[in-house]
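2 protein chains.
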Amino acid sequence: MASRPAPVDPLTLEVVELIGSVVVRFHQEYDEAAARHSLTGAQARLLALLHHQCLPMREIARRLKCEPSNVTGIVDRLESRGLVERRPDPADRRVKLAAATESGHETAERLRASMDFASEPLADLTPAERALLRDLLRRMLGDGYGDGPPATPSDTPAD
Amino acid sequence: MASRPAPVDPLTLEVVELIGSVVVRFHQEYDEAAARHSLTGAQARLLALLHHQCLPMREIARRLKCEPSNVTGIVDRLESRGLVERRPDPADRRVKLAAATESGHETAERLRASMDFASEPLADLTPAERALLRDLLRRMLGDGYGDGPPATPSDTPAD
DNA sequence: ACCGATTTGCTTGACAACATGAAACATCGA
DNA sequence: TCGATGTTTCATGTTGTCAAGCAAATCGGT
Numbered sequence: 310m311a312s313r314p315a316p317v318d319p320l321t322l323e324v325v326e327l328i329g330s331v332v333v334r335f336h337q338e339y340d341e342a343a344a345r346h347s348l349t350g351a352q353a354r355l356l357a358l359l360h361h362q363c364l365p366m367r368e369i370a371r372r373l374k375c376e377p378s379n380v381t382g383i384v385d386r387l388e389s390r391g392l393v394e395r396r397p398d399p400a401d402r403r404v405k406l407a408a409a410t411e412s413g414h415e416t417a418e419r420l421r422a423s424m425d426f427a428s429e430p431l432a433d434l435t436p437a438e439r440a441l442l443r444d445l446l447r448r449m450l451g452d453g454y455g456d457g458p459p460a461t462p463s464d465t466p467a468d
Numbered sequence: 310m311a312s313r314p315a316p317v318d319p320l321t322l323e324v325v326e327l328i329g330s331v332v333v334r335f336h337q338e339y340d341e342a343a344a345r346h347s348l349t350g351a352q353a354r355l356l357a358l359l360h361h362q363c364l365p366m367r368e369i370a371r372r373l374k375c376e377p378s379n380v381t382g383i384v385d386r387l388e389s390r391g392l393v394e395r396r397p398d399p400a401d402r403r404v405k406l407a408a409a410t411e412s413g414h415e416t417a418e419r420l421r422a423s424m425d426f427a428s429e430p431l432a433d434l435t436p437a438e439r440a441l442l443r444d445l446l447r448r449m450l451g452d453g454y455g456d457g458p459p460a461t462p463s464d465t466p467a468d
């Protein structure tokens, strides 16, 4: 089985597979870190978003790449735990802005700090190698590797 | 907000963020590719596993990093569509081996072929750079970067 | 400027997939 | 026989979709 060679060279194939492994590990550890704070992965991602700025529901949906109706539920759960609140948008009474509460910001910050796990696998690389890896990843991702416009591209290099 | 600088250098931090971007894009496109074949992400991952070899349920759970009781449902759904079948293990009558059917193997192969999206972002890199990236990722992931034994560790192109 | 029609933003409801944990059951191994 | 192991079932919760609904904004024609 798995006998037919794919129409791509083995090198590319291996890189793809390696990236797959990175993805699996990253995702897994992200979820574990979130769980340590009694959050699911989706809740942690949402809270991290709101740590930077408050956002209307539809914008959250766009960034998380899911339906707005889904965001309602996630915000509901976070709101019921006092980590997030809904505020009216003075400019448009239809929209509701989700914002992290004080407690939400604290949780988000603790979460981010505990996220240093991600740097641990990089410990084996020398700074020069890390720079190399950074450049290769940058070129791989192309220009706008983030999906949303960061408020200020200069600060908060971590997401 | 996000005032405390993380106890890691900016370079590492940026690499972490880049990896995060890779993870997001990879996941998203993986799910889309799966959806094109009427599969969910979890089903696609399971089917890809079984494309290499048939496995007992508990082993699938270990590789997918979830509970065995969860695997039951995913295999159920794939089985009801004729992509997977359960076979008894002659050596141990407790275990059930999940195996891809003929149709399952075909789907897995089509899926893998349509997965070339993942190689597309690599197109901008020269072969030498790809090799470099491969080596860096390998070292980053440590020895056993897959979670299962690779079919033939020897068939990786030598440097 | 007014009023109806359409669009937009969010929520609700029904439903499916995924995930966990506890409990049940058969089977293995000591 | 007894404990451990492999699988399933059940209850429950989160995430995701889609369709329908409501409120508010916007547009077009008079």
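Taken in order, these protein sequences are the chains called A and U.
Letter by letter, the first sequence follows residues 310 to 468 in this note's numbering.
Letter by letter, the second sequence follows residues 310 to 468 in this note's numbering.
Note that the Cβ used here is the ideal one computed from N, Cα and C, for glycine as well.
Next item on the list: With 7 Å as the threshold, decide whether the Cβ of Val384 of chain A is near any Cβ in chain U.
Entry: For the purposes of this step, residue 384 of chain A is taken as residue 75 along the first sequence, with counting starting at 1. Closer than 7 Å: no.
- Task: Would you mind giving the Cβ-Cβ distance between Leu406 of chain A and Arg396 of chain A, rounded to the nearest angstrom? I have them listed as a contact below 8 Å.
- Result: Translated into positions along the first sequence, residue 406 of chain A becomes position 97. Translated into positions along the first sequence, residue 396 of chain A becomes position 87. With a Cβ gap of about 5 Å, Leu406 of chain A and Arg396 of chain A count as contacting.
Query raised in the report: Going along chain U, which residues have a C-beta under 8 Å from Ala440 of chain A?
Result: Here residue 440 of chain A corresponds to residue number 131 of the first sequence, with the count starting at 1. Here the neighbours are Leu320.
Margin query: Please state the DSSP three-state secondary structure of Leu434 of chain U.
Written below: Within the second sequence, numbered from 1, the residue matching residue 434 of chain U stands at position 125. Coil at Leu434 of chain U, not helix or strand.
**Asked** For the putative contact between Ala343 of chain A and Ala417 of chain A, defined by C-beta atoms under 8 Å, what is the C-beta separation to the nearest angstrom?
**Response** The residue labelled residue 343 of chain A in the question sits at position 34 within the first sequence. The residue labelled residue 417 of chain A in the question sits at position 108 within the first sequence. Taking 8 Å as the upper bound for CB-CB distance, Ala343 of chain A and Ala417 of chain A are not in contact here, some 11 Å apart.
**Request:** Determine the direct distance from the alpha carbon of Ile383 of chain U to that of Arg403 of chain U, and round the result to whole angstroms.
**Result:** Stepping through the second sequence from its first residue, residue 403 of chain U is reached at position 94. Stepping through the second sequence from its first residue, residue 383 of chain U is reached at position 74. CA-CA distance, Arg403 of chain U to Ile383 of chain U, rounds to 19 Å.
>> Looking at chain U, is there any beta carbon in it that lies within less than 7 Å of the beta carbon of Leu387 of chain A?
In response: Along the first sequence, one-based indexing puts residue 387 of chain A at 78. No, no contact with chain U.
Verify the CB distance criterion: does Val404 of chain U have a CB-CB separation below 7 Å to chain A? Translated into positions along the second sequence, residue 404 of chain U becomes position 95. With a threshold of 7 Å between beta carbons, Val404 of chain U makes no contact with chain A.
Count the CB pairs spanning the segment 324-339 of chain A and the segment 328-335 of chain U that are closer than 8 Å, and state whether there are at least three. Yes, the segment 324-339 of chain A touches the segment 328-335 of chain U.
According to DSSP, what are the bridge partners of Glu394 of chain U? What you label residue 394 of chain U is simply residue 85 of the second sequence in a count that begins at 1. In DSSP, Glu394 of chain U forms a bridge with U:Ala408.
Inset, instruction - Can you tell me which of U:Arg443, U:Gly413 and U:Asn379 puts its alpha carbon nearest to the alpha carbon of Val393 of chain U? - result: As a position in the second sequence, residue 393 of chain U is number 84, starting the count at 1. Closest by alpha carbon: U:Gly413.
Q | Members of the segment 365-377 of chain A that neighbour chain U once the beta carbon cut-off is set at 8 Å | A | Lys374
Check your understanding: Can you tell me where the alpha helix (DSSP H) with Leu370 of chain A in it begins and where it stops?
Key -> By one-based count along the first sequence, residue 370 of chain A stands at place 61. For clarity, residue 370 of chain A is Ala in the given sequence; the question names Leu instead. Its alpha helix (DSSP H) spans residues Met366 to Leu373.
task: Report buried or exposed for Arg345 of chain U, applying the criterion of at least 16 other Cβ atoms within 10 angstroms of its Cβ.
output: To locate residue 345 of chain U, count along the second sequence from 1; it is residue 36. By the neighbour-count rule (16 or more Cβ atoms within 10 Å), Arg345 of chain U is not buried but exposed.
| said: I need the straight-line Cα distance from Leu450 of chain U to Pro430 of chain A, nearest angstrom please. | reply: For this step, residue 450 of chain U is matched to residue 141 along the second sequence. For this step, residue 430 of chain A is matched to residue 121 along the first sequence. Their Cα atoms are separated by approximately 7 Å.
Inset, instruction - Taking only the alpha-carbon atoms, compute the straight-line gap between Glu376 of chain U and Arg354 of chain U and give it to the nearest angstrom. - result: Taking the first residue of the second sequence as 1, we reach residue 376 of chain U at position 67. Taking the first residue of the second sequence as 1, we reach residue 354 of chain U at position 45. If I take the Cα positions, the gap works out to 15 Å.
For this session: Name the one or two DSSP bridge partners that Asp401 of chain A has.
Result: As a working mapping, residue 401 of chain A is identified with position 92 in the first sequence. Within the DSSP secondary-structure output, Asp401 of chain A pairs in a beta bridge with A:Asp398.
Cβ neighbour criterion (16 or more within 10 Å) applied to Ala432 of chain A: In the first sequence, residue 432 of chain A corresponds to position 123, counting from 1. With fewer than 16 other Cβ atoms within 10 Å, it is exposed.
- prompt: Which residues in chain U sit within 9 Å of Gln337 of chain A, going by Cβ to Cβ distance?
  reply: Against the first sequence, residue 337 of chain A aligns to sequence position 28. The answer, in chain order, is Lys374.
* To do: Could you tell me whether the Cβ atoms of Arg443 of chain U and Glu438 of chain A are closer together than 7 Å?
  => Along the second sequence, read from residue 1 onward, the residue named residue 443 of chain U stands at position 134. Along the first sequence, read from residue 1 onward, the residue named residue 438 of chain A stands at position 129. Cβ distance not < 7 Å, so Arg443 of chain U and Glu438 of chain A don't count as in contact.
Exercise. CA-CA distance, Gln337 of chain U and Glu411 of chain A?
Worked result: For the purposes of this step, residue 337 of chain U is taken as the residue at position 28 of the second sequence. For the purposes of this step, residue 411 of chain A is taken as the residue at position 102 of the first sequence. Cα to Cα, Gln337 of chain U sits roughly 32 Å from Glu411 of chain A.
Restricting to Cα atoms, I'd like to know which of A:Asp318, A:Arg419 and A:Gln352 is closest to Arg390 of chain A.
Here residue 390 of chain A corresponds to residue number 81 of the first sequence, with the count starting at 1. That would be A:Gln352, whose Cα lies nearest to the Cα of Arg390 of chain A.
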